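For reference, the structure is listed below as structure tokens.
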Amino acid sequence: MSEKNDSNRPARAAMARPSLIGRLVAHVRHLNRERLRRRHLVHAVPAAGSVPVGGHLAAPAAPLPYEQWIARFDDIEGENLLSLKQRLADLPVRPLLSLVMPVYNPDLKWLDEAIASVRRQLYPNWELCIADDASTDPAVLQRLHRFAQQDRRIRVVARERNGHISACSNSALELVRGSHVGWIDQDDVLREHALLLMAEAIGHWPQAQMLYSDEDKLDAEGVRCEPYFKPDWNPELLLGQNYPSHFTMIATERVRRLGGLRVGFEGAQDHDLLLRCTEGLDPRPNGGDVIHIPHILYHWRMHQGSTSTGDASKSYAARARIKAVQEHLDRRGLAGRAVDDGRGGCRVIWQRPDPAPKVSILVPTRNGLALLRTCLESVLSLTTYPNYEILVIDNGSDDPATLEYLQEIVQRDRRVQVMRDDRPFNYSALNNAAVRRTQGELLVLLNNDIEVITPEWLDEMVALAVQDGVGAVGARLLYGDGRLQHGGVILLGPRGIAGHAHKFFARDCAGYMGRAMLLQSFSAVTAACLVLRRSHFEAVGGLDEQQLAVAFNDVDLCLKLRESGLRNVWTPHAELYHHESVSRGADDTPAKAERFRREVECMSRRWGTKLERDPAYSPWLALEREDMCHADVPRVSLSEPWFLTPAPSAAIEPSEARAESGHRQLEQEAA
Numbered sequence: 301m302s303e304k305n306d307s308n309r310p311a312r313a314a315m316a317r318p319s320l321i322g323r324l325v326a327h328v329r330h331l332n333r334e335r336l337r338r339r340h341l342v343h344a345v346p347a348a349g350s351v352p353v354g355g356h357l358a359a360p361a362a363p364l365p366y367e368q369w370i371a372r373f374d375d376i377e378g379e380n381l382l383s384l385k386q387r388l389a390d391l392p393v394r395p396l397l398s399l400v401m402p403v404y405n406p407d408l409k410w411l412d413e414a415i416a417s418v419r420r421q422l423y424p425n426w427e428l429c430i431a432d433d434a435s436t437d438p439a440v441l442q443r444l445h446r447f448a449q450q451d452r453r454i455r456v457v458a459r460e461r462n463g464h465i466s467a468c469s470n471s472a473l474e475l476v477r478g479s480h481v482g483w484i485d486q487d488d489v490l491r492e493h494a495l496l497l498m499a500e501a502i503g504h505w506p507q508a509q510m511l512y513s514d515e516d517k518l519d520a521e522g523v524r525c526e527p528y529f530k531p532d533w534n535p536e537l538l539l540g541q542n543y544p545s546h547f548t549m550i551a552t553e554r555v556r557r558l559g560g561l562r563v564g565f566e567g568a569q570d571h572d573l574l575l576r577c578t579e580g581l582d583p584r585p586n587g588g589d590v591i592h593i594p595h596i597l598y599h600w601r602m603h604q605g606s607t608s609t610g611d612a613s614k615s616y617a618a619r620a621r622i623k624a625v626q627e628h629l630d631r632r633g634l635a636g637r638a639v640d641d642g643r644g645g646c647r648v649i650w651q652r653p654d655p656a657p658k659v660s661i662l663v664p665t666r667n668g669l670a671l672l673r674t675c676l677e678s679v680l681s682l683t684t685y686p687n688y689e690i691l692v693i694d695n696g697s698d699d700p701a702t703l704e705y706l707q708e709i710v711q712r713d714r715r716v717q718v719m720r721d722d723r724p725f726n727y728s729a730l731n732n733a734a735v736r737r738t739q740g741e742l743l744v745l746l747n748n749d750i751e752v753i754t755p756e757w758l759d760e761m762v763a764l765a766v767q768d769g770v771g772a773v774g775a776r777l778l779y780g781d782g783r784l785q786h787g788g789v790i791l792l793g794p795r796g797i798a799g800h801a802h803k804f805f806a807r808d809c810a811g812y813m814g815r816a817m818l819l820q821s822f823s824a825v826t827a828a829c830l831v832l833r834r835s836h837f838e839a840v841g842g843l844d845e846q847q848l849a850v851a852f853n854d855v856d857l858c859l860k861l862r863e864s865g866l867r868n869v870w871t872p873h874a875e876l877y878h879h880e881s882v883s884r885g886a887d888d889t890p891a892k893a894e895r896f897r898r899e900v901e902c903m904s905r906r907w908g909t910k911l912e913r914d915p916a917y918s919p920w921l922a923l924e925r926e927d928m929c930h931a932d933v934p935r936v937s938l939s940e941p942w943f944l945t946p947a948p949s950a951a952i953e954p955s956e957a958r959a960e961s962g963h964r965q966l967e968q969e970a971a
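Everything in the sequence shown is counted per the numbering used here, starting at 301 for the first residue and increasing by one.
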């Protein structure tokens, strides 16, 4: 579908078959589940950089080369093929699925491969609707008619005049008769199980209006490379990039009601269609109207002129993308301006409310004068946001210089106040008490080891936090040496609870598929710098001061916000230094180790498998690393429908569990 010329149902009925093949398939599925479970248990290790109580852990080995990974986990052969065929036999309904292919002067070899990939589909109830956009090579139309004669499911329309990709696709769309329609480019390849998994998902979620899959690319030699294991529905990420892309199917009625692809958006016509199609849909990941199928169902061919190699040479595509996003914002009444981010994506510059609502910034501290001074002075001298107050929560400081500084800054700047609280360190209780002492419509949880470097940081975060449906907003945090510390929180399951995306990446590195530089939703963000509405904070009961005094209370807060129907958003456009570990206390006493063990158990008990099914992080990506590489121990397989496969679990090992919550860095207790 890209521009290249110039893509509840009830639980699956247990249709037990007394045949030998049915019993064999059931046995194979049991073995696969057991193998996944055992692999998870054997290989479960903390992520790189984690430090257990009393020791250090080596960084994990490099991930498998992609070719080996494919052979091990993504090969449609043997027992996987057997399982897929049985799932086809089990389908209670088989909707007609339509594919649209716009064609213009293709390489005939690649065209043959593209059409052959459709004809190889395991799922038989499909139609391929092809529109030739007045190709100048007469062999193209001849070849298309020959395919139509060979297979009645292939239908061809020949346009009299070249109209470009949007008009051509709409001509093919007029032929569509299926319930859902997807796009395939004239030189790409559809996996043989693509339509089967689409039909299976439609059966499970009959309300689905849009479904999309993972993808990878074919290089010049036809070798698979650059897999994109995507998150579940992530509307913020869609503003920055057309991440659903291939392979996407949309309810035909919805596409037609919207008028199909729009002429004038060539180069971003599919991005524009997805933005329009998803407006007003239920935003819940995999449970609402948009379904992500976490399997590679499409190979995108890389060649000169293809947008799979980037569209830097296609300025018209960039202009069309910005236009599509801006019109999307305007239709939704969102105050933002879409601009080119210079990396092949789009940035939205959000407009903060006018007048600016009052913001209360909460900064817990105990001594640590150098850090605290850097934090407060950077906020006061650099922040452009006009309406904020700072409440320093002094948790028992006894350093004379620190006490003198606190007294001096209160006298010097009326925006700063100090609340003395001498109770034993309890991050949750300190902040909950501070919230009750403030008046701001929005709250900022801020570590004392944060340093502002982006003057507009608070403008950006507030503008996002006031959007409908947004819960907590997190910032892009850097170590003092410029490497990335926090790019969003990844849920790791009971063995680790949470980690940071793209940790230790260079500041200017775009990260996995550009995600280190793009606005997006995450399950959680760190409270080292977190902004949210007071009303949301109070509605979910604030931070848990009873069971999560030190670790994981920010993750817990974000998950409570998510459970209430809100999205937690991370923005790369609010950058701050996080001088992490400089102020943290050691977890090297028996009491602290026991407290941490209880907090790990609390999170595991409270959130269970939701810690292992992170909608912002693909089950094909590694938990033992923080670089978003493909996993050596995937949490999904081809042998079972991903929505029926139980998440593997591992025993909780407190000595190996990770405390990546930013607030833990504030602990000033004596070792």
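Backbone N, C-alpha and C fix where the C-beta goes; we use that ideal spot for every residue, glycine too. Just so we're clear, the structure is a prediction, and the values are computed from it rather than from any experiment.
Residue i, DSSP secondary structure in three states
i	result
A849	coil
T548	strand
S513	strand
H878	strand
T674	helix
V868	In the sequence under discussion, the amino acid at residue 868 is Asn, which differs from the Val named in the question. In the structure shown, N868 sits in a strand (DSSP, three-state: E or B).
C972	This structure leaves residue 972 out entirely; the chain is present only between 301 and 971.
Y528	strand
R925	coil
V625	helix
I709	helix
V1020	Any property of residue 1020 remains undetermined from this structure, which presents the chain solely from 301 to 971.
G771	strand
L944	coil
Straight-line Cα distance separating residue j from residue i
i	j	result
W757	V831	11 Å
H930	R562	36 Å
Q626	A638	5 Å
S466	V679	49 Å
Y812	S821	15 Å
V766	E460	51 Å
L938	L944	12 Å
C525	N732	49 Å
Y727	C675	18 Å
L706	I690	12 Å
R862	A448	49 Å
V825	A656	24 Å
T436	I415	20 Å
F271	H592	It is not possible to answer for residue 271, since the shown part of the chain is limited to 301 through 971.
F896	E760	34 Å
E413	D487	7 Å
L473	E500	23 Å
DSSP beta-bridge partners of residue i
i	result
A815	Looking at the sequence provided, one finds Arg at residue 815 rather than Ala. Partner(s): none; R815 has no beta bridge.
R776	E875
D640	C646
H836	In the DSSP output, where bridge partners are listed per residue, H836 has none listed.
E492	For E492, which the question treats as bridged, DSSP gives no partner whatsoever.
D694	T665, R720
S660	E689, L743
H930	L921
L518	R524, R601
Unbroken alpha helix (DSSP H) run spanning residue i, endpoints
i	result
M903	890–907
V762	757–765
Q386	378–390
L538	535–540
Q785	Where Q785 is concerned, there is no enclosing alpha helix (DSSP H), although the beta strand (DSSP E) it sits in stretches over 784–786.
W369	366–373
N732	727–736
Endpoints, the beta strand (DSSP E) within which residue i is located
i	result
L832	829–833
W483	480–483
P594	590–601
F822	820–822
R720	716–720
H800	797–800
I750	750–752
V789	789–793
beta-carbon residue i near the ligand MN non-hydrogen atom, thresh 7 Å
i	result
H571	Among the ligands in the structure shown, none appear at all, so the ligand MN cannot be discussed.
Enumerated in chain order, which unbroken segments of the alpha helix (DSSP H) with a length of 4 residues or greater are wholly contained in the stretch 399–471? 408–419, 438–450
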